[in-house]
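Notes for the one structure printed next.
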Amino acid sequence: MPGGPTRNADLWLGRARKNDASAAAARQAVAHLKPAVVVTGGSRGIGRAIAQRFASHGHHVAIVARTKDDLKNSALEIERHTGQPVLPITCDLTSPKAFAIISQDLEQAGYFLDVLVNNAGLGLAGPFVEQDETDIAQLVELNILVLTSLSRHALPAMLARRRGGLLNVASLGAYVPGPHQAAYYASKAYVVSLTEAMAVENYGSGVRFCVLAPGPVETRFHAKMGADTARYRRIIPALSPDAVARAAYRGYYFGLRVVAPGWLGPISHAALKILPHPISVPIMAWLLKRDAE
Ligand SMILES: NC(=O)c1ccc[n+]([C@@H]2O[C@H](COP(=O)([O-])OP(=O)(O)OC[C@H]3O[C@@H](n4cnc5c(N)ncnc54)[C@H](OP(=O)(O)O)[C@@H]3O)[C@@H](O)[C@H]2O)c1
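Just add 1 to wherever you are in the sequence shown, counting from 1, and you've got the working numbering.
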């Protein structure tokens with residue numbers, strides 16, 4: 002029997018598709034283009050490894066960063082490893098035109114934005130009060146404003162097509178305040194909160210929402226933010242970007258809401274959620290403190 006309580010239950014549970022005709026029309030509108038996975042900050046580190054992982058599974062990939070030569074070299078390297086063409090998009094994501102630039106470059110190359118990996122991010126170490134105001138503003142702009150704005154721009158078309166998704170890169174630091182990296186940890190808490198809320202708002206929409214929450218990963222990130230002498234660098238083993246990318250890809254495709262890579266990831270994730278802040282925050286303060294402080 003079409004309709005009736007079973008159909009309503011299916012719709013409510015997100016198992017059935019409402020208004021499939023409009024989704025078909027939205028897909029038809031991009032039928033002349035190929036779906037692409039766009040990875041922000043895809044020129045090095047975790048972003049590059051995620052781009053390579055998607056490409057190795059046969060996806061069309063575009064990588065976005067500011068430094069043209071790094072971007073071109075990474076695109077060529079990924080192509081060499083995977084045999085898939087990779088589109089480099091040179092763009093400062095803090096530009097108000099960033100989404101327009103990405104969309105235009107994609108369309109010119111024959112792609113549409115199917116999966117957005119919001120990976121580009123900045124860290125900042127040291128006591129909050131001693132940090133430069135401009136550096137803090139740049140961190141908030143990239144880690145929070147850019148991710149929010151790109152997600153908001155990308156989502157309507159994904160929802161209309163009932164396909165694609167957002168893979169937002171946070172950190173295990175999202176689950177606890179981080180003295181000596183206060184603004185960075187707070188920015189990643191925002192990423193988890195936003196992504197999980199969007200996932201529930203759009204449950205059953207056919208669009209995936211996944212948040213990646215790694216612990217320390219061996220990239221230039223720590224040196225760049227001035228955290229190389231922090232205790233956690235000596236005590237906590239850092240994962241390789243490839244291991245993180247493997248877990249991210251698998252988690253995204255299995256429909257996990259949160260991916261905490263590595264064997265220590267799920268344990269730390271659970272511990273940070275269970276431990277009360279009067280216990281966990283002083284531990285974080287000790288781990289994040291740098292030699293000179
Ligand atoms: N490494 C870790 O231990 C770790 C742990 C947990 C979470 N994370 C998160 O993982 C993400 C990636 O970290 P990572 O370690 O791979 O960092 P990374 O090695 O420093 O790479 C950052 C990437 O972002 C790009 N980028 C920076 N600012 C940009 C801007 N304004 N516009 C466009 N691209 C920009 C960089 O290229 P250009 O400089 O050329 O623009 C580069 O491709 C971040 O969100 C970070 O918070 C990292």
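By construction, the Cβ of each residue, glycine as well, lies at the ideal position given by its N, Cα and C atoms.
This one's a predicted model, so the numbers in the text were calculated from it and none came from an experiment.
Query, Result
"Indicate the three-state DSSP secondary structure (helix, strand or coil) for D21 in the structure shown.", "helix"
"Taking the CB atoms as reference points, tell me whether A261 and L146 lie closer together than 8 Å.", "no"
"Whose CA, out of G179, N144 and N203, lies closest to the CA of G166?", "N203"
"Along the beta strand (DSSP E) that carries F113, what are the first and last residues, could you check?", "Y112 to N119"
"In terms of residue numbering, what span does the beta strand (DSSP E) encompassing G166 cover?", "G166 to V170"
"With 16 as the cutoff for other CB atoms within 10 Å, does M269 come out buried or exposed?", "Looking at the sequence provided, one finds Ser at residue 269 rather than Met. With 16 or more other Cβ atoms within 10 Å, it is buried."
"At a cut-off of 7 Å, is H223 close to ligand 1 when judged by its beta-carbon and the heavy atoms of the ligand?", "yes"
"Quick check: the Cα distance between R82 and M199, rounded to an integer number of angstroms?", "Contrary to the premise, residue 82 reads as His rather than Arg in this sequence. Cα to Cα, H82 sits roughly 34 Å from M199."
"Measuring from the CB of C211, is there a heavy atom of ligand 1 at a distance below 7 Å?", "no"
"Between which residues of its own chain and A171 is the CB-CB distance below 6 Å, once the five residues before and five after are set aside?", "K189, V192, V193, V212 and A214"
"What does the alpha-carbon distance come out to for the pair T230 and I137?", "20 Å"
"Could you tell me which of P279, K274 and P238 sits nearest to W264, measuring between CA atoms?", "P238"
"Please classify M285 as buried or exposed, where buried requires at least 16 neighbouring CB atoms within 10 angstroms.", "buried"
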